[in-house]
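Encoded as structure tokens, the structure appears first; notes follow it.
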Amino acid sequence: MMRRFISFVGLGATISSRCLAWTPLKMSAAPTSRRVGIFGGGTVGGGIVEILKKKEESLTALSSGTKMDICKICVRDPNKPRDYDVPPGCEIVTDYDAILQDDSIDTVVEVMGGTTDAKDVVYAALRAGKDVVTANKALIAAHLSEIDAILEEVNSGRDRPVEFRYEAAVCGGIPVIRSLLSDFVGDSVSEISGVINGCTNFMLTCMDREGWSYDDALARAAELGYAEADPTLDVGGFDARSKLRILMRLAFGVDVEEDEISVRGITDLTKIDFEYAAMLKGTIKIVGVARRLEGGRLTAFVSPTYVSNDDTLANVNYATNAIEVISDNLESSTFTGQGAGRYPTANSCVNDMLALAKGDSTAPHPFGVRDAVANSLKYVNDYESQFYIRLKYRDMLGITRQCGEICENTGVSIHSLLQNPVRNRDDATFVIVTEKVALSAVKKAVAMFETLDWCRGSVFFMPVLRDEAI
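If you count by mature numbering (1 follows the signal peptide of the UniProt record, and there is no 0), then the sequence shown holds residues -21 to -1, 1 to 449, one letter each, in order.
Here it is, written out as structure tokens:
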């Protein structure tokens, strides 16, 4: 398989490719200046201000003389100290309407976070004819279809369409959305897989490479700002699921409810799982996968996943993110870079603002969910894979026999059994690696394992990323 690798580091980018395909965007007449109102003056908002100031001359040149002037920044507390200089002439406001009802402002940047107020701001801005740039993945995942409908309504009969840009909403500084909107329009995507949450990837790297416990890795992630005070969205896999839903809509043209996407977090992972993964010559990543199946079916999941050491995603470590797109024409394209943080996220916002300043025009979705091919896909909340199943047990006779009987009764074929030397016969572990089997069958087997007298606690299981990886 031919592979191309695109790496985005910091604010610069290095691109190496054997088969890059660039699709030109439609050009529309650009105004001589863009007057910008920003909702949110915190981490990302400050980064946008700093980048626009630092790169003002080059950005203006790139947009053929069109300047981007930040006129107003809407914040909750106007007296809060800022770690950046407010641009000359820029007004700090607290009333949303100070921006939304200002007819001189043609571009709204939403980096305030949350979904309720952000939704109101974005909808009102679009209906007022203002272009919108956002970094809000939760908003996009939940409401992209509604936003698409608003754009159709607003743009009916307009010479210059109102634009909606959201590159920063998925994996911060990696321009995968822009690529899906342009480079893959003439292609057919069969799979997207990726390490798309920096917090959990940092934690798993520390557990693997440093031998840390889950709690120690989480504490360090919090110290570095990767984990929120309540890390549930990250460690539970829900943040990754929101991003995956957006990518699925772009890649396959289908709109799947988040609750339909299988999600499992990393809270049940232990150091011993990394020991077994190493025995199998691999590691563990929490991966989001969306895959086209035979018979017009589509499936997706977010889960801890066994990844062999020779896989591209196995070498994506700490807070780095990576997304691999497998398609008919380009075969394998991998995007890597920083998935979060002030400057990576702000950089993607600025790139969207620059595209607007240049007059580039593109739809928020390359095909539209009404595309005939997309509508023929049927989503199924089940998938086939090899699976890693880890059981804790109290040693006794007949364990292997009982496991074999359960696997036979549930249609699970055993590929191999793994066991480290037993240190405590009352609290030991072993691992079953299955042949390729449906997730639903594995769940039935796991439920039966957990009823046995010798089984201690919950049984942990995870898929294997690639066929024949073990």
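Virtual Cβ for every residue (Gly too), placed ideally from N, Cα, C.
Note that this is a predicted model, so its numbers are computed, not measured.
In the DSSP assignment, residue 53 is bridged to 18, 72. When 257, 212, 181 are compared, the shortest CA-CA separation from residue 202 is found for 181. DSSP places residue 67 outside both helix and strand once states are collapsed to three, so it counts as coil. Residue 113 is positioned such that its CB atom lies closer than 8 Å to that of residue 145. Contact check for residue 319 against residue 151 passes: the beta carbons are separated by less than 8 Å. In this structure residue 359 is exposed. Its beta-carbon is surrounded by fewer than 16 other beta-carbon atoms within 10 angstroms. In the DSSP assignment, residue 428 falls within the unbroken alpha helix (DSSP H) covering 418 to 428. When the Cα atoms are used, residue 49 and residue 80 turn out to be separated by approximately 16 Å. Burial is judged here by how many other beta carbons sit within 10 angstroms of a residue's own beta carbon; residue 160 has at least 16 and is buried.
By the beta-carbon neighbour count (other beta carbons within 10 angstroms, threshold 16), residue 158 is buried.
For residue 247, there is no enclosing alpha helix (DSSP H), since its DSSP letter is neither H nor E. Less than 8 Å divides the Cβ of residue 187 from the Cβ of residue 262. At least 8 Å separates the beta-carbon of residue 14 from that of residue 76. For residue 110, no alpha helix (DSSP H) run applies; the uninterrupted beta strand (DSSP E) run containing it begins and ends at 110 to 113, by DSSP. Annotation: the continuous alpha helix (DSSP H) that includes residue 36 extends over 35 to 41. Going by beta carbons, residue 389 and residue 424 fall inside the 8 Å limit. Excluding sequence positions up to five before and after residue 65, its CB lies less than 6 Å from no other CB in the same chain.
The straight-line gap separating the alpha-carbon atoms of residue 313 and residue 398 is approximately 35 Å. Our two residues, residue 70 and residue 88, have alpha carbons roughly 15 Å apart in a direct line.
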